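Below is one structure; the comments refer to it alone.
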Amino acid sequence: MAAIADEARNTLSAPVLRVSTDDNLCSMVEIRGSLDEVFPNGIIENSRWFLITISPACRKRYYDEGDEVTAAMVTKSFKIPQTFRRVTGSPAKVIESVKKYLDKIS
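Okay, structure coming up:
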């Protein structure tokens, strides 16, 4: 998942973007960001923020090289009208779908 996280860091862009990964209990990449550079009262939840996760497909616990992954939106600000639809496929396809979504809502 570290390679997928690195690819997401290099491909995705937003004013505030944090990509993190953890393989401790299960494999997952977390993409957390905001479409605003400045937040009211310094709280990111007061901006147009989002949280998208990339995890192994078919409810697998760990990612093996070459497996499919699933990207899903966990939550978002009510100020963002469009919701990201769940996508399953190769890591490159999934990251491209997230990129298209971020371009669409920017």
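With positions in the sequence shown counted from 1, the corresponding number in this note's numbering is that position plus 9.
Glycine residues also receive a C-beta, built at the ideal position from the N, C-alpha and C atoms.
As the structure is a prediction and not an experimental result, all values here were calculated from the model.
Can you check which of these residues, the options, is closest to residue i by C-alpha distance?
i, options, result
"Ala-117", "Ile-114, Leu-26 and Cys-35", "Examination of residue 117 is not possible in this model, given that the chain is present from 10 through 115 alone."
"Asn-33", "Ser-99, Ile-114, Arg-70 and Lys-113", "Arg-70"
"Ala-14", "Asp-112, Ser-115 and Val-103", "Val-103"
"Arg-68", "Asp-112, Leu-21 and Ala-80", "Ala-80"
"Gly-98", "Thr-20, Gly-75, Ala-17 and Leu-21", "Gly-75"
Do residue j and residue i come within 8 Å of each other at the CB atom, strictly closer than that value?
i, j, result
"Val-25", "Val-38", "no"
"Ser-64", "Val-78", "yes"
"Phe-87", "Tyr-110", "no"
"Ile-40", "Ile-53", "no"
"Ser-43", "Ala-23", "yes"
"Lys-108", "Gln-91", "no"
"Ile-89", "Phe-59", "yes"
By Cβ distance below 6 Å, which residues in the same chain neighbour residue i in space, the five residues on each side in sequence not counted?
i, result
"Tyr-72", "Met-10, Ser-36 and Pro-65"
"Lys-85", "Phe-59"
Can you name, in chain order, every residue of its own chain whose Cβ lies under 8 Å from the Cβ of residue i, other than the five neighbours on each side?
i, result
"Glu-46", "Pro-24 and Val-25"
By the DSSP assignment, the beta strand (DSSP E) with residue i in it spans what residues?
i, result
"Ala-81", "78-85"
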